[in-house]
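Just so we're aligned, residue -5 is where the sequence shown starts under my numbering, counting upward by one.
Okay, structure first, notes after.
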Amino acid sequence: MNTRFFEEYQTQLLDWQKKFFSTWMESLPKGTAEIKLTDTFETSLKLQEEMVKSYLEAQEKSATMMIDAQKQFWDNYFEALRQQPVPAN
């Protein structure tokens, strides 16, 4: 198993997350006095909420896939060791 691939993937995922939240925060109004619950604001807020939910779901699936791959790797490793002949004393 190539753990370097997973490390690079996690780094890229973290970078994307930072960019996403940075862009998201820049798009929000700067002060609470500017925030008015208009239809446009509410629609924008719902869209941002759905984006975050989708991102978190994708991250959860990705983490599950990586954990499953790790489990499979270790299962295969130990099974391969069991298949090796036992050295005689």
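Just so it is clear, CB atoms sit at the ideal spot from N, CA and C, and this is done for glycine as well.
As the structure is a computational prediction, the values presented were derived from the model and not from experiment.
Go through its chain and collect everything with a Cβ distance to residue i's Cβ below 8 Å, but skip five positions before and after it.
i, result
"ALA74", "none"
"PHE72", "none"
"VAL80", "none"
Can you grab the Cα-Cα spacing for the pair residue i / residue j, in whole Å?
i, j, result
"GLN66", "LEU8", "25 Å"
"ASP62", "ASP33", "43 Å"
"MET60", "PHE14", "22 Å"
"SER16", "VAL46", "13 Å"
"LYS40", "GLU1", "33 Å"
"GLU54", "ASN83", "49 Å"
"ALA57", "THR5", "13 Å"
"LYS12", "GLU43", "16 Å"
"TYR49", "GLU36", "20 Å"
"GLN77", "TRP10", "43 Å"
Looking at the secondary structure, which residues open and close the alpha helix (DSSP H) in which residue i lies?
i, result
"VAL46", "33 to 77"
Taking residue i as the reference, give the member of the options with the closest Cα.
i, options, result
"PHE(-1)", "PHE35, VAL80 and GLN64", "GLN64"
"SER38", "MET19, THR(-3) and GLU51", "MET19"
Could you pull out every residue in the same chain whose Cβ sits closer than 7 Å to the Cβ of residue i, ignoring the five residues on either side in sequence?
i, result
"TYR3", "none"
Hey, is residue i close to the ligand MN, as in C-beta under 6 Å from one of its heavy atoms?
i, result
"PHE67", "This structure lacks the ligand MN; in fact it carries no ligand of any kind."
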